[in-house]
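Reviewing the structure listed below.
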Amino acid sequence: MQLSEVVEEHPSLIPVINRFGIRLGLGDKSVKAICEQYIIDTDFLLVVINTFLNEEYFPEKKLQTFHTSQIIDYLTKTNFDYQRHQIPNIERHLGSFISLSAAVGNHSLALIGKFFASFKTKLTNRIEKDTNEWFPYCLSLSEKLGKQQAEQETFILNLPEQQIDNSLEALLTDLKSLMIKHLSGEYNENLCYAVIFAISSLEKDIRQQDRIRYRILVPMVAAMEKLSR
Numbered sequence: 001m002q003l004s005e006v007v008e009e010h011p012s013l014i015p016v017i018n019r020f021g022i023r024l025g026l027g028d029k030s031v032k033a034i035c036e037q038y039i040i041d042t043d044f045l046l047v048v049i050n051t052f053l054n055e056e057y058f059p060e061k062k063l064q065t066f067h068t069s070q071i072i073d074y075l076t077k078t079n080f081d082y083q084r085h086q087i088p089n090i091e092r093h094l095g096s097f098i099s100l101s102a103a104v105g106n107h108s109l110a111l112i113g114k115f116f117a118s119f120k121t122k123l124t125n126r127i128e129k130d131t132n133e134w135f136p137y138c139l140s141l142s143e144k145l146g147k148q149q150a151e152q153e154t155f156i157l158n159l160p161e162q163q164i165d166n167s168l169e170a171l172l173t174d175l176k177s178l179m180i181k182h183l184s185g186e187y188n189e190n191l192c193y194a195v196i197f198a199i200s201s202l203e204k205d206i207r208q209q210d211r212i213r214y215r216i217l218v219p220m221v222a223a224m225e226k227l228s229r
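For the sequence shown, the numbering used here begins at 1 and goes up steadily by one.
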């Protein structure tokens with residue numbers, strides 16, 4: 001399969017493949033050839049792509065065969081993408097949208113700004129905790145266990161399913177709903193569409209990455225903690 005064909009059909013994959021260091025200009029190369037070029041685990045890339053594209057697809061057992069550091073590296077690059085690209089993109093369009101909209105008769109504008117600010121603060125706090133506490137702790141456990149990590153699968157399969165914290169996704173859903181249901185007065189429609197599409201893209205991205213976070217990484221850590229006792 002040519003990776004370019006997949007990306008042409010699903011442009012939302014562009015930030016996902018960027019996290020693996022893959023840039024556009026894919027030519028007619030196959031997924032395998034691209035992975036060899038960028039020194040990427042082909043199985044891991046395909047699992048992440050399929051998990052992102054299909055919400056019904058989630059191969060827990062397959063994901064458990066990858067090393068903890070692979071999961072954390074991908075989630076770290078995801079956080080970087082949120083901070084350096086997706087959040088600034090929404091901020092830029094949202095700021096222009098609010099400043100160019102008529103304040104008179106459009107009481108939801110201030111609320112839209114507050115909703116996004118609340119989301120950004122919550123996401124930033126989580127990323128800081130990931131960077132400074134959570135991910136280093138996961139890696140230290142993995143290094144401590146070494147070869148014993150192969151024994152994780154038995155423990156993981158016997159752990160209760162982890163509750164997914166979807167509060168970040170919920171804030172974006174509320175923001176999108178606010179814009180769709182309660183906008184009034186004069187506003188720039190093109191900027192409005194750009195904001196809504198960007199929010200929808202980030203909403204889906206966070207939902208899919210949180211499945212990996214809560215259904216794979218968290219159980220992995222719980223298993224490692226049990227093995228290290």
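Note that CB positions come from ideal geometry on N, CA and C, so glycine has one too.
Three-state secondary structure assigned by DSSP to Q232: Nothing about residue 232 can be reported from this structure: the residues present for the chain run from 1 to 229 only.
CA nearest to the CA of K204, picked from E5, T131, K144 and T51: If you number the sequence shown from 1, residue 204 lands on position 204. In terms of Cα proximity to K204, the closest of E5, T131, K144 and T51 is T51.
Check whether I40 and F135 have beta carbons under 7 Å apart: The residue labelled residue 40 in the question sits at position 40 within the sequence shown. The residue labelled residue 135 in the question sits at position 135 within the sequence shown. The Cβ-Cβ distance between I40 and F135 does not fall below 7 Å.
Pair within 7 Å by beta-carbon distance, A110 and G185: Here residue 110 corresponds to residue number 110 of the sequence shown, with the count starting at 1. Here residue 185 corresponds to residue number 185 of the sequence shown, with the count starting at 1. The answer is no: Cβ separation not under 7 Å.
Whole-Å CB distance - D130 paired with N166, under 8 Å assumed: In the sequence shown, counting from the first residue as 1, residue 130 sits at position 130. In the sequence shown, counting from the first residue as 1, residue 166 sits at position 166. The Cβ separation is near 17 Å, so there is no contact.
Host alpha helix (DSSP H) of I39 (start-end): Position 39 of the sequence shown, counted from the start, is the residue given in the question as residue 39. Taken as a continuous stretch (DSSP letters only), I39 belongs to no alpha helix (DSSP H), as it is neither H nor E.
Extent of the continuous alpha helix (DSSP H) to which D81 belongs: Against the sequence shown, residue 81 aligns to sequence position 81. Residues T68 to D81.
Cα-Cα separation, P59 to V47: Numbered from its first residue, the sequence shown carries residue 59 at position 59. Numbered from its first residue, the sequence shown carries residue 47 at position 47. Distance between the alpha carbons of P59 and V47: 8 Å.
Collapsed DSSP secondary structure at S118 in the structure displayed: Sequence index remark: in the sequence shown, residue 118 carries index 118 (1-based). The answer is helix: DSSP assigns S118 an H, G or I state.
Residues of its chain near N66, where Cβ-Cβ distance is below 6 Å and the 5 sequence neighbours each way are ignored: What you label residue 66 is simply residue 66 of the sequence shown in a count that begins at 1. For clarity, residue 66 is Phe in the given sequence; the question names Asn instead. Cβ within range, chain order: F44.
Alpha carbon of Y187 to alpha carbon of I14, nearest angstrom: As a working note, residue 187 is residue 187 in the sequence shown. As a working note, residue 14 is residue 14 in the sequence shown. Distance between the alpha carbons of Y187 and I14: 30 Å.
Nearest to I87 (by Cα), restricted to the options I216, I212, L202 and E225: Working through the sequence shown from its first residue, we reach residue 87 at position 87. The shortest C-alpha separation from I87 is found at L202.
Neighbourhood of Q2 by C-beta distance below 8 Å, restricted to the same chain and skipping five residues each side: Sequence index remark: in the sequence shown, residue 2 carries index 2 (1-based). Excluding its 5 nearest sequence neighbours in each direction, Q2 has C-beta neighbours in its own chain below 8 Å: L26, D28, K29, S30 and V31, listed in chain order.
Reduced DSSP secondary structure (H/G/I, E/B, other) of Q86: Locating residue 86 in the sequence shown gives position 86, counting from the first residue. Here Q86 sits in helix by DSSP.
Own chain partners of I216 with C-beta closer than 8 Å, once the 5 adjacent residues on each side are dropped: As a working note, residue 216 is residue 216 in the sequence shown. Excluding sequence neighbours, I216 sits near E60, L63, Q64 and I71.
Nonlocal neighbours in the same chain, by C-beta distance under 7 Å from T154, ignoring five residues either side: Counting from one through the sequence shown, the residue named residue 154 turns up at place 154. In this prediction, T154 has a pLDDT of 47, which is less than 50 and means its spatial position is unreliable; what the coordinates show is noted afterwards. Nothing meets the Cβ criterion.
Identity of the residue in E5, I199, E189 and E225 nearest L100 by Cα: Residue 100 sits at position 100 when you count from the first residue of the sequence shown. Just measuring C-alpha positions, the residue of E5, I199, E189 and E225 sitting nearest L100 is E189.
For S167, the three-state DSSP class (helix, strand or coil): Numbered from its first residue, the sequence shown carries residue 167 at position 167. Of the three classes helix, strand and coil, the one that applies to S167 here is helix, per DSSP.
DSSP-derived helix/strand/coil call for S30: Looking up residue 30 in the sequence shown gives position 30. In the displayed model, S30 falls within a strand according to three-state DSSP.
Straight-line gap, L75 to G21 (C-alpha atoms, nearest Å): In the sequence shown, counting from the first residue as 1, residue 75 sits at position 75. In the sequence shown, counting from the first residue as 1, residue 21 sits at position 21. Their Cα atoms are separated by approximately 14 Å.
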